[in-house]
Structure formats: structure tokens, C-alpha cells
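Quick note, the sequences are listed as chains A and B, same order. So the first sequence is numbered by my numbering: it starts at 59 and just counts up by one. So the second sequence is numbered by my numbering: it starts at 59 and just counts up by one. Built from N, CA and C at the ideal position, the CB exists for glycine as well. Predicted model only: the values in this text are computed from it and were never measured. Here's the structure we're looking at; comments come further down.
Protein chains: 2
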Amino acid sequence: MKRQKRTTIYDIAQKLSLAASSVSRALSDSNKINAETKALVLKTAAEMNYQQNAMASNLRKGNNPTIGVVVPRINQYFFSNVIAGLEEVTFKQGYNLVICQSNELHAREVEGVNALVNQNVSCIVISIAAEKGSFDHLQQVLDRNIQLIQFDRVVEELETFKVLNNNKQGAYEAVVHLIEQGYRRIALLEGPQELHIFRERKEGYIAALQEYGFPILSELMYANAWTKELGAQATTQLLDLPNPPDAIFASTSDFAALGVLEVANNKGIPTPEALGICGYSNEPFTEITSPSITTIDQFSVEMGRKIGNLHFREMENFSPEGKTKTLNVRPKLIVRNSTLRKLQ
Amino acid sequence: MKRQKRTTIYDIAQKLSLAASSVSRALSDSNKINAETKALVLKTAAEMNYQQNAMASNLRKGNNPTIGVVVPRINQYFFSNVIAGLEEVTFKQGYNLVICQSNELHAREVEGVNALVNQNVSCIVISIAAEKGSFDHLQQVLDRNIQLIQFDRVVEELETFKVLNNNKQGAYEAVVHLIEQGYRRIALLEGPQELHIFRERKEGYIAALQEYGFPILSELMYANAWTKELGAQATTQLLDLPNPPDAIFASTSDFAALGVLEVANNKGIPTPEALGICGYSNEPFTEITSPSITTIDQFSVEMGRKIGNLHFREMENFSPEGKTKTLNVRPKLIVRNSTLRKLQ
DNA sequence: CTGAAAGCGCTTACAG
DNA sequence: CTGAAAGCGCTTACAG
């Protein structure tokens, strides 16, 4: 035994000598019902402690007002913020939010997506796992006419809504800022180039240098430095160059930037005077390091809200040709002490 | 129009000239079905791209394999970790996880809980909002025989499962550590005493002092210092005492401890030599401040896993008299430089 | 092992 | 405005 019997609309109908359909109409606030009857039903329902069975209602109506989310990790600053923003919107609309994490594994992601499809959710929101694999599972979502919204890390080939940070823009602004602060040899810590977000950041770096007439030097671009440890390692090597950089843009993450800072501190290289440091993401800790770290805010909570609003707006005026729109969230440079050697 | 027609078991049955019930048996891997028939059904189902309608199945079976979670904020380090741990377990069991945030508001919490009750979820996991209110909504959950598991911030009067950090133990160990490091006047930053977690931490502080024969001095206990700003303010006042403390235990949070550290740094008071500082929660930033901050780890991911396991274990051997068990997660002191003035 | 039937708790055309 | 009936897509006793 688990549940005790819940009151159903039949229980109410019987008590009031009404038809179940009338009870249903009263509860759903239909206009095809007498005001007095409605009041009576509502009163009785409250007395009998009635709660609608959402599963039955959804089955009959053929839709499930829930949004499913699949992210690599729930407890990562960026993702938990996106989810928080999304929840805000979905809750307001009376929608549920079901959450899965892929742990960066493709197989886990597939399982999660399939579970959501079985639930007949009205929308799936996803940021794909780092582990590569086919995207049949996502194609399946589209085939079933379930809305699919990709964000941040997306499968580019797939024609779906995409909500992205304008990574090129963010990187571009960071590098322009460094140039304006008088840095002349700006190194780049790159992320894995299979992920488009890292390719775009590299493009932004190059665009800024070109615009200001600086050379693009391969010796100053360091591949695959997307953890604190790899950032530190990259920094050690870069600073050992015959002609070392005077600024390092850790385009991968603030964690990499933290690795840069630690190496600089250990070597007694003063920041920002001799070495400028810029990260990416505006993790909370960047504010409290010494010196505080310049970085790029991605407006993650706002991004979550945008995703939610996109879904609900599209539900209203559904236009097939509008299915592949890309929404860009414009990131913002947060200037802090690690790059500030001129007064602003 | 939203969804196109999905294949149902009737479509499969028709194609194979079978009864729907046989198709159902084959798909649910029943033993009351011929092996050949089963293989044929499975093959055909795959060809026809069949996906079970979870709503129909759940409705018929009278249960919904999902767990609902209500927390003050999804994007808070502690809570997102608990959710991550919980998701790990629920996913393994093929359960869904539905998430609501109360934003610390009682009314929002009530709405969230009711939505989950309507869904007929099999378990609700909750950490209550700071805003006080009645707990009729939680009583309602129990009345409907839905399992209720409270964690961290709980309604003590309510007889439910509770998963708690052993806050008294954590605080006790921190203060003992401070005493062993030679600190003699240890101040306490308290949280709001309406919340039991903060009362318990105070008890741990007092117990440690008593055990070592130290006086309990009200001048060294500072109420309501649970943000960085309030922590800083408290520190300024404490250090202005005629006989100031030589250590401050910010029992409320690491953020308060950060406030303490900043005031100490600004006043040129060396940490840990002249002032020991200990926080609570092991936020990521405590590792990277200068000096790094001693704190208490709450094993939040592990706590989430414990909650999940509790639910699934109890489902099996359901014993009414075991319904009010309390599980304590033992916290762990993380010793860092902010309190380390002796070699260990 | 297979089929026919009932029913989970709703909603919604269809009559009146 | 109200009722009787059908049906959403499954599962599961009940016969055979």
C-alpha cells in the first residue's frame, strides 16, 4: 500500500447529484456552467480536499505542460543560473521543470532526452555534453514535434532554436580593452576547438588584434588550456618565451585565469603592471582574488529567462519557418584590477 | 496543431494482428508472453519508432515515478550540489526529478508543493523558505501518503524524514581546533536563531568552550551576522572591544568569514597570527583567498545521494513507525591557513 | 501464452 | 446550462 484513495470528480459529482462533466466544467472555470453550481462545486471540492490528478488531465488533453532540461552538470555556476532563470519563467506559466544531467557523457544525454520524450514534454532545453556522438536523439525530438531549444553548447548542423552568448563579441571587447590599457603582446589561452564557443572566442581575439593592426602570433596562442592547472602550465611556458606576453586572455574560463594569476604571483610578476590577466564567465571568486580579475559576464540567469520566454512566445504564434532562429545574449566586460593600469 | 500522431500499442497490435494486451506484455517484458511474439513486437515497435506514453502508463499504474524538489534557490552552491547528488540516484532508478524554487517566499513554496501533489509524485524533498508561515501544505503531503523528506532547513514539529548536517558537531570541531591552535578569546558570529541550524551551531560553540574550561562571554557573541557586510560590521565592533577576540568563528557562512578577513586585512591585523578566522560551508572561494580560509565541509552532493537512497530504500520495506527517522551527515573541518599558527 | 474487457481520472464534442 | 458517452494510451485481472 502506498497512496490512500484520493477524491475524484466522481466523488464530488455523487455527493452533489451532478454529472462528472459538470464538476469538471466548474473546476476548469468553464463558461458553460451556472454560477451557483460552480460555486457549490468549488466549495465542496475544497471541503473534500480535492486536488486534480494532473496525469489524467494531461493524458486527456494530449499535452504535458512541462519543460525538460538536459545539461552537463546541474551544480556548475553557469548552468545552475540558467536553470534558475528558466524556472522563474516556467513556474509563472504553471509549467513544471524536469531536470537531467548528462555528466558530459553522450549515452547519459541520450537516455535523458528519451525519458523526456516519453513524458511527452512540450519542450526540451539542452546544452550538449562534451563527449561527441550522433544526434539522432535530438532529431527524434524534432520528428515528434516537440520543441527543441539548444543553448550555449549546441549542435550547429541541427535546425533548432539556439540561444547563445555572443562569444566573439565578448572576446573582442576583452582584447580591445587590453589594447587600450597599453598591453602590446597579448596571449590567448584557447579551449578545445571542437566546441564552437571556443572557436568564436578565438575569432574575437583575432578580430580585435587585426583591427588595431597587431600581428597574429601563433607562439602567443596556447591550445587546450581550460582548467586551472592547464592555465598555470600554459602561463609558465608563455612567460619563458624569449619575448614573453605582457597580457594573457584566458578565453576558456576564470579557472584558467586563476591559474595564470597564481603563476604570476609565485614568480613575483606584478599584476596588472607587468602582466594583464582577463578571464571568462564572471565566476563569483573573480571578485575576491588579489588582485580581482577582469572577466566577461554571460548573464546566465537572464539567458534562462530568455529561453523560457522564447518557448512560450513561440507556442502562441507557431510559425514553421521561424523554427531556427538564433538568439544572441550580449556578454559584458567586467573590468577589475587585474587589467587596470590606466585610470579610466 | 502541435504534435503529430504518435504510434501507440494499438498501431503495433493492428499491424501484427495481435491484441493490444499482448503488445503491452511484450513491451513490459512480462513472462506471460511467447519469446517469439515478444521479439516480433519489439522489432516492430522499433521500426515504427514507438515510444511509450509515460502519462498513460503512470495513470493506469496509479503512480508517478518522479521526485519533486523545492528549495529556496536552485543556483546556490549548497542546493545545486544537493540536487546534483539527488539526480544521480533518481536517474539511476529511472525516476524523474521536478524542481521548484521558493525564492525564500512562503507563498511560492506552497504553490510549488501543491503543483507536485497534483502530479502525484512519489516523494517531495524540501528545504523550507526563510519566510515563516503555516505548514499546512506539508501536512497535506503527508495526508496523501506522499513521502516527505526534509533536509537542512526543516520544520522540526513535523514528523517526517529529516536529513541534516550535524551542525553542532561541525561547530564543536571548529572551536576545538581553534583552542588547540592556541586561541584564547574566540568570538562567535551567529545566524538568526529562529533557524535551528544556527541554534545548533551556537550550541556546538558553547559545548567546546565549556569542555575546555573557557568562560562563555556574551560580549563575544554577535547576533545576526550572516552576510559579508554584516560579518565585516561585526568584526569592526568586536576588534574595538577593550579586550578583543583573537579568533572569530563565522558560524553563519563563508561569506561572513570573508567579511572578517577583509576587515582584518584592512586594519593590518595579520591572519592567522593575531586573528584566527573560521567560516562554514566550504564555498569554493575559501580555498583561494589570502590566506585561505578554514571552514566546514557539508558534503552537499553526498547529502543529495543520501536523500535519494533514503527514498528508494524506504519504498521497499515501508514501515510506518520508521517514518520520522533523522539522518545526520557528519560535516568535516577543513583546516587552512587562516587558523594555522602551529605546525600540525 | 493470448484475447476481450474494464478502468486509471479526466475532458469534450454531442444532444437536449 | 446539464448529462450521457466516448476516449486519451496504457495495464491487468479474468477467462480460456
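Restricting to Cα atoms, I'd like to know which of the options is closest to residue i.
i, options, result
"B:V213", "B:Y241, B:K400, B:I237 and B:H164", "B:H164"
"A:N178", "A:I204, A:I237, A:I184 and A:I365", "A:I204"
"B:L316", "B:Q198, B:L275, B:K226 and B:A290", "B:A290"
"B:E258", "B:T294, B:V359, B:L98 and B:N225", "B:N225"
"B:T95", "B:E345, B:I70, B:S276 and B:R166", "B:I70"
"B:L74", "B:N89, B:T397 and B:L98", "B:L98"
"B:V387", "B:K364, B:T397, B:K400 and B:E372", "B:K364"
"B:N139", "B:M361, B:K286 and B:L333", "B:M361"
"B:S348", "B:Q356, B:S339 and B:G334", "B:G334"
"B:I182", "B:A173, B:K190, B:E189 and B:A188", "B:A173"
"B:E189", "B:L206, B:Q198, B:R202 and B:R166", "B:R166"
"A:K286", "A:I186, A:P300, A:N301 and A:S309", "A:S309"
"A:N111", "B:K390, B:N176 and B:S115", "B:N176"
"B:P123", "A:V129, A:I125, A:M113 and A:N121", "A:M113"
"B:G337", "B:Q251, B:Q356 and B:Q134", "B:Q356"
"B:G126", "B:F193, B:C158 and B:I255", "B:C158"
"A:E345", "A:P389, A:V393, A:I306 and A:A305", "A:V393"
"A:V359", "B:P250, B:A78, B:Q134 and B:T102", "B:Q134"
"B:Q268", "B:W284, B:T66, B:Y230 and B:E320", "B:Y230"
"B:V321", "B:E341, B:S339 and B:L296", "B:L296"
"B:S396", "B:T352, B:L385 and B:N89", "B:T352"
"B:P130", "B:Y68, B:R118, B:F209 and B:T102", "B:F209"
Sort out for me which residues DSSP pairs residue i with in a bridge.
i, result
"B:L407", "Nothing can be reported for residue 407 of chain B, as the shown portion of chain B is limited to 59 through 402."
"B:T124", "B:N154"
"B:F149", "Answer by DSSP bridge pairing: none, since B:F149 is not bridged."
"B:Y280", "B:L247"
"B:V221", "B:F209 and B:L385"
"A:F307", "A:L246 and A:C336"
"B:V129", "B:Q159"
Hey, could you find the ends of the beta strand (DSSP E) residue i is sitting in?
i, result
"A:G334", "G334 to C336"
"A:V183", "V179 to I184"
"B:F272", "Looking at the DSSP string, B:F272 is not in any beta strand (DSSP E), and its letter there is neither H nor E."
Terminal residues of the continuous alpha helix (DSSP H) containing residue i?
i, result
"B:S160", "Where B:S160 is concerned, there is no enclosing alpha helix (DSSP H), given that its DSSP letter is neither H nor E."
"B:A314", "D312 to K325"
"B:E287", "K286 to L297"
"A:T77", "Note on identity: in this sequence residue 77 of chain A is Ala, with Thr being the wrong assignment. From DSSP, A:A77 is part of no alpha helix (DSSP H); its letter is neither H nor E."
"B:T344", "That residue, B:T344, is in no alpha helix (DSSP H); it is neither H nor E in DSSP."
"A:L98", "A93 to E105"
"B:A112", "A112 to K119"
"A:Q197", "D194 to D201"
Find the residues of chain A that neighbour residue i, judging by a C-beta separation of less than 7 Å, and give them in chain order.
i, result
"B:S138", "I132, N133 and S138"
"B:V175", "Q109"
"B:R363", "Per Cβ cutoff of 7 Å: no residues; B:R363 is ~13 Å from chain A at best."
Against residue i, what residues of chain A qualify as contacts under a CB-to-CB distance less than 8 Å, listed in chain order?
i, result
"B:S348", "S348"
In chain B, what lies closer than 7 Å to residue i by C-beta?
i, result
"A:N122", "M113"
"A:I157", "E145, L155 and I157"
"A:N116", "M113"
"A:P342", "F343"
Can you determine whether any heavy atom of the ligand MG sits closer than 6 Å to the C-beta of residue i, and answer yes or no?
i, result
"B:G362", "With respect to the ligand MG, the structure shown offers nothing to examine, as it has no ligands at all."
How would you list, in chain order, the residues of chain B whose beta-carbon sits under 8 Å from the beta-carbon of residue i?
i, result
"A:I141", "I132, N133 and I157"
Under 9 Å between beta-carbons, which chain A residues line up against residue i? List them in chain order, please.
i, result
"B:L316", "I346"
"B:F149", "C158, Q159, R166, E169, G170 and A173"
"B:R64", "N178 and R202"
Contact the region 102-122 of chain B vs the region 324-339 of chain B: 3+ CB pairs below 8 Å:
no
Does the count of Cβ pairs from the region 274-293 of chain A and the region 233-246 of chain A closer than 8 Å reach three?
yes
Sufficient close CB pairs (3 or more, under 8 Å) joining the region 292-301 of chain B to the region 226-234 of chain B:
The region 292-301 of chain B makes no contact with the region 226-234 of chain B, as fewer than three CB pairs between them are under 8 Å.
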